[in-house]
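Number of protein chains: 8
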Amino acid sequence: MELTVYLAGQIHDDWRENLKQKASEKNLPLQFVTPQTNHDRSDQIGEDILGKQPNNLYRDDAASSINNFRTQVLMQKSDVVIALFGEKYKQWNTAMDASAAITMNKPTIIVRPESLIHPLKELSNKATVTVETVDQALDVLAYIYE
Amino acid sequence: MELTVYLAGQIHDDWRENLKQKASEKNLPLQFVTPQTNHDRSDQIGEDILGKQPNNLYRDDAASSINNFRTQVLMQKSDVVIALFGEKYKQWNTAMDASAAITMNKPTIIVRPESLIHPLKELSNKATVTVETVDQALDVLAYIYE
Amino acid sequence: MELTVYLAGQIHDDWRENLKQKASEKNLPLQFVTPQTNHDRSDQIGEDILGKQPNNLYRDDAASSINNFRTQVLMQKSDVVIALFGEKYKQWNTAMDASAAITMNKPTIIVRPESLIHPLKELSNKATVTVETVDQALDVLAYIYE
Amino acid sequence: MELTVYLAGQIHDDWRENLKQKASEKNLPLQFVTPQTNHDRSDQIGEDILGKQPNNLYRDDAASSINNFRTQVLMQKSDVVIALFGEKYKQWNTAMDASAAITMNKPTIIVRPESLIHPLKELSNKATVTVETVDQALDVLAYIYE
Amino acid sequence: MELTVYLAGQIHDDWRENLKQKASEKNLPLQFVTPQTNHDRSDQIGEDILGKQPNNLYRDDAASSINNFRTQVLMQKSDVVIALFGEKYKQWNTAMDASAAITMNKPTIIVRPESLIHPLKELSNKATVTVETVDQALDVLAYIYE
Amino acid sequence: MELTVYLAGQIHDDWRENLKQKASEKNLPLQFVTPQTNHDRSDQIGEDILGKQPNNLYRDDAASSINNFRTQVLMQKSDVVIALFGEKYKQWNTAMDASAAITMNKPTIIVRPESLIHPLKELSNKATVTVETVDQALDVLAYIYE
Amino acid sequence: MELTVYLAGQIHDDWRENLKQKASEKNLPLQFVTPQTNHDRSDQIGEDILGKQPNNLYRDDAASSINNFRTQVLMQKSDVVIALFGEKYKQWNTAMDASAAITMNKPTIIVRPESLIHPLKELSNKATVTVETVDQALDVLAYIYE
Amino acid sequence: MELTVYLAGQIHDDWRENLKQKASEKNLPLQFVTPQTNHDRSDQIGEDILGKQPNNLYRDDAASSINNFRTQVLMQKSDVVIALFGEKYKQWNTAMDASAAITMNKPTIIVRPESLIHPLKELSNKATVTVETVDQALDVLAYIYE
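Protein chains in written order, with UniProt numbering: chain A, 1 to 146; chain B, 1 to 146; chain C, 1 to 146; chain D, 1 to 146; chain E, 1 to 146; chain F, 1 to 146; chain G, 1 to 146; chain H, 1 to 146.
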């Protein structure tokens with residue numbers, strides 16, 4: 001049984017590639033989908049498609065409508081959502097995606113370091129599973145196939 | 001027509017009292033419901049009810065289950081959600097509540113200062129309305145009754 | 001049994017007041033809710049609350065988010081939707097509201113003149129009832145109480 | 001990941017063929033589905049199948065039930081909806097389809113010329129993305145695969 | 001706790017009045033709602049409101065749209081549905097209403113005589129409760145308040 | 001695009017085989033699923049699997065639970081439902097299946113002879129399309145692929 | 001804000017009266033609804049209403065359809081569900097009710113003694129809150145009103 | 001038409017292998033999915049992935065979150081659920097899974113010995129079909145393909 005997994009979270013390092021690589025090594029029948037991970041492209045996509053906007057607010061709003069479109073399409077096609085929080089950045093999009101997934105009854109794994117236990121406590125409690133590392137998230141996925 | 005409004009967001013100042021006061025002055029038939037706004041009580045509620053937990057992780061998890069219970073009850077009874085972001089704090093709970101409300105098709109107003117336009121752009125784009133001040137949020141509510 | 005009725009459609013004449021008056025004369029226990037019927041206020045509400053926008057596109061987008069908020073709140077509280085089409089104007093909002101109501105399984109009455117049979121045929125077919133006059137729509141509502 | 005895209009909107013020029021051609025050139029794994037684009041067939045389908053109806057109202061009602069059947073089947077199978085508005089025609093069906101798609105939480109792109117910003121402002125605000133040209137709509141679809 | 005009960009089924013005798021009378025004698029806090037029980041009015045309501053139709057098919061279709069409107073409004077407001085089958089008549093509307101109620105997760109009681117056990121076996125099996133008399137149906141309602 | 005079509009209705013003649021044959025001749029990519037069409041097997045399936053029941057009521061209830069199981073599985077997998085009414089038999093199961101399909105938002109075609117217009121008027125009005133012959137139903141399905 | 005609370009669980013002692021009494025002493029605006037707590041009546045209700053059944057299986061099936069009817073009506077009217085497990089009895093109905101409530105997104109409190117931690121671990125993990133005593137469950141309800 | 005079947009119930013004997021073997025012999029196009037059937041692994045999975053927990057309560061909670069994740073993923077992918085109760089064990093998970101499946105409108109077969117008729121009567125009544133042996137459950141599945 002192939003499963004599609006949406007990988008929400010920060011786009012500032014290569015944690016997704018790392019996870020895909022390890023899933024591949026374990027021969028797990030998982031298809032991963034992701035938001036745009038090129039940060040500049042993600043910020044510019046509104047103006048890239050729609051042209052120059054009058055100010056930063058509307059530049060951001062144009063970009064976000066297209067990023068939200070991508071996320072909505074891919075999350076609706078997914079069977080599982082993994083949302084990773086790191087030590088840096090505001091990461092409100094990660095909280096937004098995780099909460100949307102949970103509210104849609106998508107099985108959801110939150111990955112967060114020990115240092116974030118307190119600020120993420122309500123979201124962790126609502127998630128299906130909370131772990132501390134990407135490897136642990138993959139172990140949870142692999143457990144489905146045991 | 002009376003409406004029930006859930007007020008999500010930080011609990012470090014009296015913005016909710018301010019909003020209720022102004023709604024009352026305008027004679028708007030609004031009932032406001034809120035999370036626990038006593039920050040210490042919110043953090044301790046798990047141990048207050050269930051007793052001492054073995055460490056901070058479980059202390060937080062116990063508290064969060066009861067806070068989530070309160071939020072779930074009150075948000076399901078609400079017709080409208082207002083989610084306020086301030087300049088400080090991580091505020092992942094605010095993002096979580098706003099995203100849950102939007103996903104449940106609750107009409108949702110986000111209040112955020114100009115400085116947060118960029119990090120909140122995807123959430124703002126998904127919300128029904130985004131404004132910058134509590135007074136503007138109240139103007140939006142009042143507009144229903146014009 | 002009191003019912004709440006949302007009155008969608010053009011805001012260029014007093015058909016809503018006419019309908020409310022007749023319902024009152026028949027002592028029907030109906031509560032009517034409506035969009036903003038002051039056309040200028042409806043167009044300006046974005047700038048009235050959020051301040052001057054950079055151009056007409058964003059002026060319209062700001063207004064529409066607040067008009068959509070009002071419609072979403074009131075339509076969710078409604079038991080029945082009446083959508084009136086007249087001979088003039090584009091009336092895409094009327095089609096939008098009627099289609100949203102039908103998709104949400106709200107019992108929906110479309111009022112349209114004979115001249116619009118052809119262009120509205122698919123929407124009429126999806127609506128619960130289609131009539132030609134406001135008086136006929138009121139007759140349909142009154143029939144619930146016979 | 002193959003996606004199915006429903007193309008709502010006017011059937012008076014070849015914009016759909018144009019879009020399919022360009023999607024094919026970009027090797028995007030998209031399957032397009034559409035309403036009946038032969039306008040005469042669309043108007044006559046009721047009598048073509050059910051035989052002569054007593055007048056234009058019932059001729060239209062018979063045709064519309066079969067057109068609505070086709071749209072309901074294909075839209076339910078679709079992952080994305082694109083709704084195009086042109087400068088001419090009433091296009092209430094386009095507004096109806098776009099509003100139904102948005103209410104069903106289908107990710108929806110509206111294509112409309114600058115001249116229609118004002119009359120379509122509420123529908124645009126509810127759509128996931130609004131663009132001005134078919135090429136831009138295709139760019140939004142292509143962005144999913146970057 | 002007041003409950004609203006929709007009474008589906010044939011309209012050829014006074015079983016509804018009988019049931020209401022007995023519920024009243026037991027002081028049960030039940031509000032009963034019903035289809036149009038005047039058979040002629042039910043058949044003529046289309047032409048009564050919309051005027052003369054071109055033939056019997058369209059006369060029936062006009063009437064049924066208004067009867068369906070009434071049923072949809074009242075069933076959505078109901079907490080419980082009782083559907084009574086008698087020995088005579090086709091009663092497809094009763095089967096339609098019972099099946100719609102069950103599919104909407106409305107708690108549903110079917111009342112049918114012993115002679116109809118076989119033809120109603122699948123519908124009875126899907127209903128929440130099946131009884132043979134109106135008095136038994138009332139006993140089931142009364143049981144909620146014990 | 002392959003579609004799955006559930007064929008509800010009486011099981012006393014070979015209308016399903018007739019329909020499948022014609023669909024095959026037209027090379028339509030349709031997969032048909034059906035209730036048990038062996039009438040004796042359908043009535044005996046409860047005792048065939050569960051053993052002798054104490055009386056006819058329980059024999060029927062046992063059979064109906066297994067017939068309902070089959071219908072629920074297959075209807076949930078279907079994209080379209082066709083429900084055929086003939087001149088004979090009570091056919092409450094056909095009304096039950098059609099109403100369940102409509103309530104689940106399955107696009108639904110009712111096939112009924114002219115003689116049944118009046119008793120089926122409310123169900124016909126709720127269905128997506130109503131036709132008089134199996135050939136017409138197939139024409140409606142074929143129209144999706146034009 | 002008044003809330004309705006469904007009290008699922010064993011019916012062999014007076015824990016419900018105890019809870020109601022304490023809620024009353026705290027002046028909490030709670031309305032409690034319950035299953036039939038007279039155990040004999042609960043087992044006999046099928047035969048009490050429908051008459052003698054042919055064996056124990058059908059006696060139980062008749063009773064359970066009426067008990068399920070009561071539970072479905074009252075749970076759908078409830079805002080919160082409390083499910084209490086004691087040290088004795090199989091209590092599959094309690095697990096059934098708690099799981100149904102959780103799946104319907106009702107905020108759910110499980111009360112279970114420490115000795116049942118292990119066998120109830122998956123259900124506890126899915127519930128919104130798990131506590132060990134009825135007093136703690138009431139504290140959780142009271143927390144909503146702080 | 002291939003169907004996916006979730007096999008809920010006790011994990012203390014090889015009933016699942018027995019069922020799969022017989023389904024294979026009958027060439028039924030069924031794909032079976034299951035919970036973790038290695039009992040020790042199921043109890044230890046929390047600590048296996050997340051490391052040592054402070055006490056048995058949290059060891060169990062960690063394990064259950066991962067078991068619930070697996071069940072949620074696989075049950076959402078399933079077309080049918082079979083839930084088997086044996087003579088031993090508390091089996092609250094089996095009741096929880098069956099009730100969740102029924103509430104999600106999954107067609108559900110309960111397998112239980114005659115000795116459990118009374119304590120399982122309400123759950124059996126809500127299930128689509130109840131049988132006494134695994135062979136009978138397979139007969140019900142096979143009936144879909146006749």
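For glycine and all other residues, C-beta sits at the position ideal for the given N, C-alpha and C.
CB contact check: residue i to chain G, cutoff 8 Å
{"i": "residue 67 of chain F", "result": "no"}
{"i": "residue 15 of chain H", "result": "no"}
{"i": "residue 120 of chain H", "result": "yes"}
Chain H contact for residue i (CB, 8 Å cutoff)
{"i": "residue 44 of chain F", "result": "no"}
{"i": "residue 55 of chain B", "result": "yes"}
{"i": "residue 131 of chain A", "result": "yes"}
Local conformation of residue i per DSSP, three classes
{"i": "residue 85 of chain B", "result": "coil"}
{"i": "residue 34 of chain A", "result": "coil"}
{"i": "residue 145 of chain C", "result": "coil"}
{"i": "residue 46 of chain E", "result": "helix"}
{"i": "residue 110 of chain C", "result": "strand"}
{"i": "residue 94 of chain E", "result": "helix"}
{"i": "residue 23 of chain E", "result": "helix"}
{"i": "residue 3 of chain F", "result": "strand"}
{"i": "residue 127 of chain B", "result": "coil"}
Neighbour flag for residue i against chain A, beta carbons, 8 Å
{"i": "residue 126 of chain B", "result": "yes"}
{"i": "residue 76 of chain D", "result": "no"}
C-alpha distance - residue i paired with residue j, whole-angstrom precision
{"i": "residue 78 of chain D", "j": "residue 126 of chain C", "result": "20 Å"}
{"i": "residue 74 of chain D", "j": "residue 145 of chain F", "result": "10 Å"}
{"i": "residue 82 of chain A", "j": "residue 69 of chain H", "result": "12 Å"}
{"i": "residue 61 of chain B", "j": "residue 27 of chain F", "result": "59 Å"}
{"i": "residue 117 of chain E", "j": "residue 131 of chain E", "result": "10 Å"}
{"i": "residue 67 of chain C", "j": "residue 137 of chain B", "result": "14 Å"}
{"i": "residue 84 of chain E", "j": "residue 110 of chain E", "result": "6 Å"}
{"i": "residue 64 of chain G", "j": "residue 143 of chain G", "result": "35 Å"}
{"i": "residue 29 of chain A", "j": "residue 3 of chain A", "result": "7 Å"}
{"i": "residue 34 of chain E", "j": "residue 9 of chain E", "result": "9 Å"}
{"i": "residue 129 of chain C", "j": "residue 13 of chain C", "result": "23 Å"}
{"i": "residue 99 of chain A", "j": "residue 76 of chain B", "result": "15 Å"}
{"i": "residue 5 of chain E", "j": "residue 120 of chain H", "result": "29 Å"}
{"i": "residue 122 of chain A", "j": "residue 32 of chain G", "result": "28 Å"}
{"i": "residue 41 of chain H", "j": "residue 140 of chain G", "result": "34 Å"}
{"i": "residue 22 of chain E", "j": "residue 7 of chain G", "result": "29 Å"}
Cutoff 8 Å: residue i Cβ touching any chain B Cβ
{"i": "residue 102 of chain C", "result": "no"}
{"i": "residue 80 of chain C", "result": "no"}
{"i": "residue 25 of chain G", "result": "no"}
{"i": "residue 6 of chain H", "result": "no"}
{"i": "residue 149 of chain A", "result": "Outside the shown range of chain A, which is 1 to 146, sits residue 149 of chain A, and nothing can be said about it."}
8 Å Cβ cutoff, residue i in contact with chain C
{"i": "residue 110 of chain B", "result": "no"}
On the three-pair Cβ rule with 8 Å, is the stretch 54-68 of chain A touching the stretch 49-61 of chain C? yes
Inspect the CB distances between the stretch 12-21 of chain C and the stretch 91-105 of chain C and report whether three or more fall short of 8 Å. no
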